[in-house]
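Asker:
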């Protein structure tokens with residue numbers, strides 16, 4: 080659960096209203112990824128185009144923006160010029176809490192991610208890729224994930240062996256662990272934990288155009304068993320989760 084925005088202690092509706100408003104403003108800027116120094120109303124309109132929560136409460140938020148300006152700019156040091164009604168205060172607190180508690184990757188159903196043993200051969204990996212049509216094979220040794228063997232790497236090393244004139248049957252006996260490149264893990268993959276947010280997974284693809292997959296483990300540590308593997312094909316699903 081995200082940080083609770085409204086507290087049980089009785090306080091002025093105006094104070095509670097402004098606190099929730101500031102939370103929403105911060106969340107909208109995070110959702111919009113800081114593209115320009117936009118005013119609150121402009122942020123609401125733009126975020127409403129792709130965020131279902133903002134779209135649902137768009138008119139209410141625009142009303143709250145006008146009321147906030149009156150409270151902040153017209154109030155005196157010893158007197159608040161306008162006190163929001165209970166219903167509006169509850170509504171803005173509710174929206175703030177919705178936006179402050181984005182869904183986590185734990186909401187996704189775990190997948191049975193097909194992997195391969197470190198001591199399996201390159202030929203075994205090719206057969207596994209052909210059987211499953213998966214292009215990313217986690218390589219394990221005694222339950223620890225050592226890296227990802229992807230079809231690009233397999234094609235490259237096989238092609239290089241052919242170019243060198245090696246006996247391809249002998250080369251295909253190469254162990255999977257010997258084909259792994261440590262740099263591939265940092266260049267083409269991102270490891271996140273189940274407690275990371277869906278937004279962080281989407282951001283990973285935005286930040287690295289070469290990313291092949293987000294690897295989800297229970298803890299978020301490299302080497303742990305992968306419980307979910309997300310590719311760019313999963314982005315529409317992740318966006319729907321954010322909107323809903």
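In the numbering used here, the protein residues as written are 80 to 323. Backbone N, C-alpha and C define an ideal beta-carbon position, used for all residues, glycine too.
For the region 171-244, list the alpha helix (DSSP H) runs that are entirely contained and at least 4 residues long, ordered along the chain.
Answerer: The region 171-244 contains these whole alpha helix (DSSP H) runs: 201-211, 230-243.
Asker: Between which two residues does the beta strand (DSSP E) containing residue 307 stretch?
Answerer: Element bounds for residue 307: 305-309.
Asker: Return yes when the Cβ of residue 203 is within less than 9 Å of the Cβ of residue 256, no when it is not.
Answerer: The answer is no: Cβ separation not under 9 Å.
Asker: Just list the residues that DSSP pairs residue 268 with in beta bridges.
Answerer: Answer is 292.
Asker: Could you tell me which of 229, 281, 209, 174 sits nearest to residue 258, measuring between CA atoms?
Answerer: The option with the nearest alpha carbon to residue 258 is 229.
Asker: Let me make sure I understand the geometry here. Which of 244, 214, 110, 304 has the alpha-carbon closest to that of residue 128?
Answerer: When each option's Cα is compared against that of residue 128, the closest is 110.
Asker: For residue 91, name the three-state secondary structure that DSSP assigns.
Answerer: Of the three classes helix, strand and coil, the one that applies to residue 91 here is coil, per DSSP.
Asker: Is any non-hydrogen atom of the ligand NAP found closer than 8 Å to the C-beta of residue 119, if you look at the structure I gave you?
Answerer: The ligand NAP is not among the ligands present in this structure, which contains no ligands whatsoever.
Asker: Kindly indicate which residue of 308, 314, 316 has the alpha-carbon position closest to the one of residue 189.
Answerer: Here the closest residue by C-alpha is 308.
Asker: With a cut-off of 8 Å on the beta carbons, I'd call residue 289 and residue 267 a contact; round off their distance for me.
Answerer: Contact holds; Cβ gap of about 6 Å.
Asker: Locate the alpha helix (DSSP H) running through residue 120, then write down its first and last residues.
Answerer: Unbroken alpha helix (DSSP H) run through residue 120: 119-126.
Asker: So for residue 276, helix, strand or coil by DSSP?
Answerer: If DSSP states are grouped into helix, strand and coil, residue 276 belongs with the strands.
Asker: State buried or exposed for residue 194, treating a residue as buried only when at least 16 other CB atoms are found within 10 Å of its CB.
Answerer: Buried is the call here.
Asker: Would residue 241 be called buried (16 or more neighbouring beta carbons within 10 Å of its own) or exposed?
Answerer: Its Cβ having fewer than 16 others within 10 Å, residue 241 is exposed.
Asker: Hey, is the region 222-237 in contact with the region 272-281, meaning 3+ C-beta pairs nearer than 8 Å?
Answerer: No, the region 222-237 is not in contact with the region 272-281.
Asker: Please work out which residues of its chain come closer than 8 Å, Cβ to Cβ, to residue 263, disregarding the five sequence neighbours upstream and downstream, and give them in chain order.
Answerer: Same-chain partners within the cutoff: 226, 227, 229, 232.
Asker: State buried or exposed for residue 316, treating a residue as buried only when at least 16 other CB atoms are found within 10 Å of its CB.
Answerer: Exposed, because fewer than 16 other Cβ atoms sit within 10 Å of the Cβ of residue 316.
Asker: Could you check if residue 292 is buried or exposed, using at least 16 other CB atoms within 10 Å of its CB as the buried criterion?
Answerer: Looking at its Cβ environment, which holds 16 or more other Cβ atoms inside 10 Å, residue 292 is buried.
Asker: By the three-class DSSP mapping on this structure, what secondary structure does residue 141 have?
Answerer: Residue 141: helix per DSSP, three-state reduction.
Asker: In angstroms, rounded to a whole number, what distance separates the CA positions of residue 108 and residue 93?
Answerer: Using only the alpha carbons, I get a separation of about 22 Å.
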